[in-house]
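Encoded as structure tokens, the structure appears first; notes follow it.
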Amino acid sequence: MLPILVLLAAVGVQAQTADLVITGARIYTANPARRTASAIAIQDGRILAVGQDVSPHTGPNTRRIDARGAAVIPGLIDSHVHMEGLGDLLEVLDLRQVRSVAAVAELVRQEAARRPAGEWIRGRAWDQTNWGGQFPTARDLAAAAPLHPVYLTRVDGHAAWVNPKALDLAGVTAATQDPPGGKIIRDAAGAPTGVLIDRAMGLVGRRLPGASQEVTRKRLAAAARECARLGLTSVHDAGVGAQGLAAYRDLAARNELPVRVYVMIGGPGALWRDFLARGPEVGERITVRSIKLMADGALGSRGAALLEPYSDDPGNTGLLMLTREQIEQVGREAFQRGFQVNTHAIGDRANRVVLEGYGAVLGGRNDRRWRIEHSQVIAPADFELFARYSVIAAMQATHATSDMRWAEARLGQERVKGAYAWRRFLSLGVPVPNGSDFPVEEPNPLLGFYAAITRQDRAGNPKDGWQPDQRMTREEALRSWTIAGAHAAFEEDKKGTLEPGKLADLVMLSADIMTIPPAQILKTRVKMTILGGEIVYSDAP
Ligand SMILES: [Zn+2]
5 MLPILVLLAA
15 VGVQAQTADL
25 VITGARIYTA
35 NPARRTASAI
45 AIQDGRILAV
55 GQDVSPHTGP
65 NTRRIDARGA
75 AVIPGLIDSH
85 VHMEGLGDLL
95 EVLDLRQVRS
105 VAAVAELVRQ
115 EAARRPAGEW
125 IRGRAWDQTN
135 WGGQFPTARD
145 LAAAAPLHPV
155 YLTRVDGHAA
165 WVNPKALDLA
175 GVTAATQDPP
185 GGKIIRDAAG
195 APTGVLIDRA
205 MGLVGRRLPG
215 ASQEVTRKRL
225 AAAARECARL
235 GLTSVHDAGV
245 GAQGLAAYRD
255 LAARNELPVR
265 VYVMIGGPGA
275 LWRDFLARGP
285 EVGERITVRS
295 IKLMADGALG
305 SRGAALLEPY
315 SDDPGNTGLL
325 MLTREQIEQV
335 GREAFQRGFQ
345 VNTHAIGDRA
355 NRVVLEGYGA
365 VLGGRNDRRW
375 RIEHSQVIAP
385 ADFELFARYS
395 VIAAMQATHA
405 TSDMRWAEAR
415 LGQERVKGAY
425 AWRRFLSLGV
435 PVPNGSDFPV
445 EEPNPLLGFY
455 AAITRQDRAG
465 NPKDGWQPDQ
475 RMTREEALRS
485 WTIAGAHAAF
495 EEDKKGTLEP
505 GKLADLVMLS
515 ADIMTIPPAQ
525 ILKTRVKMTI
535 LGGEIVYSDA
545 P
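Residue numbers are given in this note's numbering: position 289 of the sequence shown equals residue 293, and the series is strictly consecutive.
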């Protein structure tokens with residue numbers, strides 16, 4: 005054995021020459037043992053060395069990049085995204101910045117003029133809080149598109165605004181009953197007004213033409229390119245079906261997937277049964293080892309399940325979509341086969357039901373890393389349950405700064421203190437991986453970094469931040485966008501910090517986000533994204 009070991013050691017010494025070195029950088033490693041450095045050496049897609057001087061690793065064939073003082077951070081990890089939704093965004097009306105019902109109708113009218121009669125017009129991200137809080141109606145869109153069915157989803161994806169043509173096509177009338185977990189908004193006479201909440205969206209939504217395999221692949225490819233441009237080297241896709249997974253595999257095989265994808269299987273359907281039979285799949289580009297469940301709706305559309313009624317809608321406690329028993333049942337299957345369970349829960353009632361369901365399976369502290377996606381409104385007594393069952397609070401910083409305008413109206417003064425409370429989780433030792441939930445929020449992770457440390461909107465309001473005691477430090481925010489996301493996917497040994505042996509996933513920025521005034525973070529751009537040692541995005545011409 006000895007000669008072989010000696011030989012291996014000799015090869016090892018020779019192999020210490022890097023393919024790529026970056027020098028002159030302000031490197032933030034996210035590794036507390038060595039917080040900063042100025043140079044990094046990369047070989048075979050992995051980090052060889054990080055420090056002040058990597059010249060011993062530089063050979064004649066080493067590519068050198070002088071960062072000229074630019075900041076370098078670990079590749080960012082968005083722990084909750086919808087990739088196909090982001091790709092789809094490029095194909096549908098974006099209503100995020102539209103400030104009136106009339107302006108939405110005008111965009112729909114223009115779109116109708118471009119399309120043959122009968123073709124669906126889709127749009128997304130309308131928000132009634134942009135125009136005083138009144139839900140819009142089908143009638144508002146009647147004249148704009150009399151011959152085209154129109155389906156516009158709310159900014160949180162938990163409500164649809166449709167036109168009369170779409171209601172007709174779907175046969176939704178005063179006689180149609182609310183489906184379980186859904187609600188048809190009605191006028192005084194009981195007729196549908198044109199807004200459908202949560203499960204009721206499907207009454208019209210299921211008439212939409214489905215995406216072909218080809219369309220799905222195109223959308224995912226477009227989203228992946230956007231990730232590379234924005235410095236995201238890993239994403240956790242919160243709800244993938246068989247077609248999406250096949251498209252990911254296709255793209256990876258063609259080398260058209262410049263981002264690593266941690267797949268959450270979208271609910272306990274056929275794909276889940278299939279994976280239960282074969283077990284988790286762990287790879288460097290695509291990993292499948294979790295299932296995504298949905299316990300309730302969202303706060304904006306009052307679909308989040310609350311323990312007490314909405315402060316601005318007495319009698320309404322939202323919609324619970326899963327029982328504790330259902331969560332427990334899926335949980336047991338997942339536990340046995342080594343899968344992680346990641347459940348969407350926004351309201352305090354939904355969070356409690358999920359924690360109880362998880363707790364029944366997990367029993368106590370563990371390393372299963374089950375997650376509650378959003379963990380948005382938590383009853384005071386329930387924070388501790390996250391620690392008790394080692395549950396991860398997967399949160400999205402920009403949800404707080406988008407929702408702060410109206411969150412207190414929905415929840416009232418007391419309950420809102422347990423909302424978007426990431427510091428309370430951190431102080432209990434509960435991991436908080438960050439994310440954007442794109443396309444619900446914008447995919448740029450630096451907006452989330454900014455929101456995490458300021459709890460302010462982009463204009464810098466409110467002055468000291470909303471619930472400022474919940475702000476993260478920059479170091480915490482960096483870790484929430486890197487190593488916490490890696491940990492939440494069982495990948496902390498492979499990524500999330502810049503350390504020798506880990507994947508060479510890193511980002512070079514136009515400014516040093518760890519020191520500049522917060523407002524300047526909003527203007528910071530990605531100069532270069534490196535994935536496994538390969539430059540997958542560069543702003544250089
Ligand atoms: Zn989501």
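Ideal placement from N, C-alpha and C gives every residue a C-beta, glycine not left out. Note that the coordinates shown come from a computational prediction; the quantities given were computed from them, not determined experimentally.
Query, Result
"Enumerate, from N- to C-terminal direction, the unbroken alpha helix (DSSP H) stretches of 4 or more residues contained entirely within the segment 158–221.", "168–174, 205–209"
"Within the segment 20–86, note down every full beta strand (DSSP E) run reaching 3 residues or more, in order along the chain.", "24–27, 30–32, 43–47, 50–55, 67–70, 75–78, 80–85"
"For W135 versus V105, is the C-beta distance shorter than 8 Å?", "yes"
"Taking DSSP's pairing of strands, which residues face G270 in a bridge?", "K296"
"For A398, which three-state DSSP category applies?", "strand"
"Could you spell out the range, first to last residue, of the alpha helix (DSSP H) harbouring D254?", "246–257"
"May I ask you to list the residues that DSSP assigns as paired with S238?", "I81, R264"
"Heavy atom of ligand 1 less than 7 Å from the Cβ of D57, yes or no?", "no"
"Using the beta-carbon of each residue, find all residues closer than 6 Å to any heavy atom of ligand 1 and list them in chain order.", "H84, H86, A242, D441"
"For M268 and A398, I'd like the C-alpha separation in whole angstroms.", "13 Å"
"Should T40 and T501 be called a contact, given that it needs their Cβ atoms to be closer than 8 Å?", "no"
"Should T405 go down as buried or exposed, given a rule of 16 or more other Cβ atoms within 10 Å for buried?", "buried"
"What span of residues does the alpha helix (DSSP H) with G363 cover, start to end?", "352–366"
"Using a Cβ-Cβ cut-off of 7 Å (strictly less than) and excluding sequence neighbours within five positions of A37, which residues of its own chain qualify?", "none"
"Check whether the Cβ atoms of I331 and Q380 lie closer than 8 Å to each other.", "no"
"Whether or not the segment 341–348 and the segment 303–320 are in contact is what I'm after, with contact meaning three or more pairs of Cβ atoms, one per stretch, closer than 8 Å; do they touch?", "no"
"Quick one: is S59 buried, meaning 16 or more other Cβ sit within 10 Å of its Cβ, or exposed?", "exposed"
"In terms of DSSP beta bridges, what is G127 paired with?", "L97, L156"
"On the three-pair Cβ rule with 8 Å, is the segment 105–116 touching the segment 238–256?", "no"
"Would P443 be called buried (16 or more neighbouring beta carbons within 10 Å of its own) or exposed?", "buried"
"Which residue's Cα is closest to the Cα of T519: V76, A45, V54, N65?", "V76"
"Given this structure, state the Cα-to-Cα distance separating Q20 from A43, to the nearest angstrom.", "15 Å"
"Residues in the same chain with beta-carbon distance under 7 Å from K506, minus the five sequence neighbours each way, listed in chain order, please.", "R50, I51, K498, K499"
"Is the beta carbon of V436 closer than 8 Å to that of S484?", "yes"
"Where does E260 land, buried or exposed, given buried means 16+ other C-beta within 10 angstroms?", "exposed"
"Contact criterion: CB-CB distance below 8 Å. Does A22 meet it with respect to chain D?", "Of the protein chains in this structure there is only one, and it is not chain D."
"Taking 8 Å as the cut-off, decide whether the C-beta atoms of Q460 and P466 are in contact.", "yes"
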